[in-house]
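Notes to accompany the following structure.
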Amino acid sequence: MIKKGGTYVVMGLLNTDSIAYATGKMIEDLGGKVIYTAQNERLKKIFFDRGCPYLSQEDKDTLDIRYCDVTVEDEVRELFKGIGDVNGVVHSIAFANPKTCLGNHIYTDAFEDIKQGFQISCASLATVSQFAQEHMPKGGAIVTLSFASQIAFPYYNWMGVNKAALEALVRALAREYGREHVRVNAVSAGPLTTKAAKSIPHFAHLARTWKKISPLPWDTIKDKQEVANAVLFLLGEYSKKITGQTIYVDGGASAIGGELLSHERPSKTMTAKRKAAAKERLERMRILQKQHQQGK
Ligand SMILES: NC(=O)c1ccc[n+]([C@@H]2O[C@H](COP(=O)([O-])OP(=O)(O)OC[C@H]3O[C@@H](n4cnc5c(N)ncnc54)[C@H](O)[C@@H]3O)[C@@H](O)[C@H]2O)c1
59 MIKKGGTYVV MGLLNTDSIA YATGKMIEDL GGKVIYTAQN ERLKKIFFDR GCPYLSQEDK
119 DTLDIRYCDV TVEDEVRELF KGIGDVNGVV HSIAFANPKT CLGNHIYTDA FEDIKQGFQI
179 SCASLATVSQ FAQEHMPKGG AIVTLSFASQ IAFPYYNWMG VNKAALEALV RALAREYGRE
239 HVRVNAVSAG PLTTKAAKSI PHFAHLARTW KKISPLPWDT IKDKQEVANA VLFLLGEYSK
299 KITGQTIYVD GGASAIGGEL LSHERPSKTM TAKRKAAAKE RLERMRILQK QHQQGK
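Residue numbers (this note's numbering): 59 to 354.
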């Protein structure tokens with residue numbers, strides 16, 4: 059999947075709840091070298107002071123974290139210049155002022171906030187891709203993170219608009235950089251408990267909604283790992299001919315219409331019917347085994 063010894067830049071580390079952290083950790087576990095980026099020096103310090111309470115000092119010492127504010131082109135250019143050749147980049151970055159861009163009403167006259175949200179959450183992928191691909195002489199992969207842009211969820215307002223634009227940008231970048239053998243894709247994830255998610259008004263409502271619309275059980279904490287798995291797939295060798303796509307890792311919520319009926323809702327535990335069938339299978343196997351031992 060991941061190229062052993064390959065270099066992967068994972069952008070958007072805030073704390074160990076970040077999707078960036080789950081992804082970077084997995085890349086490291088599979089033998090890749092990870093360079094994380096935090097937005098600035100202050101946020102890097104916050105990461106070490108209170109963002110990673112469960113990491114040992116040894117683990118902290120091994121983390122390579124650099125700064126990069128994606129709204130500052132020189133910082134993005136310098137980041138990649140300082141790293142050399144890279145195999146893959148994860149753009150796990152978004153921001154929009156929750157007071158003006160998220161909430162009860164879509165209308166706002168805070169155009170500067172709208173522009174800022176668009177620049178950070180969408181346009182920055184083009185900046186990152188431009189400077190990253192110059193350091194991918196043998197090709198590479200860029201993966202960004204999206205959320206349910208095909209439908210409108212309450213409160214998500216301008217961020218929903220930014221995500222729709224981000225997915226359109228993924229297609230445009232895939233078209234441009236294909237000739238360089240650089241692939242660009244997005245993973246559209248279901249709701250996950252992170253700092254960015256907590257700034258979405260009524261995030262708990264969104265998480266509850268997922269229980270009603272996701273055919274598979276969806277865990278807002280544990281399923282970060284499933285999202286990271288898909289990011290790794292898109293970074294690696296098994297997705298060589300996939301580019302310009304948005305892959306949904308959302309429990310299937312994007313594929314169905316309306317709420318699940320009560321008999322369709324996923325159960326965390328096995329239903330009584332499936333339990334009985336499993337017991338019967340086990341019993342049958344025991345009888346067969348016994349007959350075999352008796353030479354029948
Ligand atoms: N958490 C969810 O429910 C969810 C679901 C689908 C998609 N996503 C997307 O996943 C991505 C990562 O978010 P997360 O949930 O891990 O939250 P997070 O808060 O841990 O990560 C967001 C990151 O964006 C960074 N950032 C903001 N402005 C920046 C700038 N100007 N320059 C550089 N970095 C900047 C923040 O510092 C932070 O590290 C985002 O694009 C988010 O929209 C999240």
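Glycine included, C-beta positions come from ideal geometry on N, C-alpha and C.
Through-space distance from residue j to residue i, alpha-carbon basis
i           : j           : result
residue 77  : residue 241 : 20 Å
residue 225 : residue 151 : 14 Å
residue 229 : residue 155 : 26 Å
residue 140 : residue 189 : 11 Å
residue 164 : residue 245 : 25 Å
residue 153 : residue 332 : 44 Å
residue 146 : residue 170 : 32 Å
residue 284 : residue 215 : 26 Å
residue 65  : residue 90  : 6 Å
residue 176 : residue 196 : 31 Å
residue 161 : residue 325 : 32 Å
residue 295 : residue 199 : 10 Å
residue 191 : residue 233 : 13 Å
residue 135 : residue 304 : 26 Å
residue 144 : residue 105 : 24 Å
residue 334 : residue 342 : 12 Å
residue 178 : residue 185 : 10 Å
residue 375 : residue 323 : An answer regarding residue 375 cannot be provided, because it is not within the stretch 59 to 354 covered by the chain.
Contact under 8 Å by Cβ, residue i with residue j
i           : j           : result
residue 112 : residue 74  : yes
residue 286 : residue 59  : no
residue 308 : residue 272 : yes
residue 239 : residue 183 : no
residue 94  : residue 137 : no
residue 278 : residue 265 : yes
residue 201 : residue 292 : yes
residue 159 : residue 227 : no
residue 282 : residue 317 : no
Test: residue i CB closer than 8 Å to a CB of chain B
i          : result
residue 59 : Included in the structure is just one protein chain, with no chain B present.
N- and C-terminal bounds of the beta strand (DSSP E) containing residue i
i           : result
residue 69  : 65 to 69
residue 124 : 123 to 125
residue 198 : 198 to 204
residue 304 : 304 to 307
residue 300 : Careful: residue 300 lies outside any beta strand (DSSP E) and carries neither H nor E.
Among the options, nearest to residue i - alpha-carbon criterion
i           : options               : result
residue 173 : 205, 219, 187 and 194 : 219
residue 302 : 319, 236 and 250      : 236
residue 280 : 248, 293, 267 and 300 : 248
residue 263 : 213, 318, 323 and 108 : 213
residue 102 : 206, 134, 221 and 69  : 69
residue 288 : 338, 255, 270 and 203 : 203
residue 61  : 157, 297 and 351      : 297
Host alpha helix (DSSP H) of residue i (start-end)
i           : result
residue 334 : 330 to 351
residue 229 : 215 to 235
residue 79  : 77 to 87
residue 184 : 182 to 191
residue 120 : 115 to 120
residue 104 : 99 to 104
residue 140 : 131 to 141
- Are there three or more Cβ pairs, one per stretch, closer than 8 Å when the region 87 to 101 is compared with the region 119 to 137? Segment contact: the region 87 to 101 against the region 119 to 137, three or more CB-CB distances shorter than 8 Å; contact assigned.
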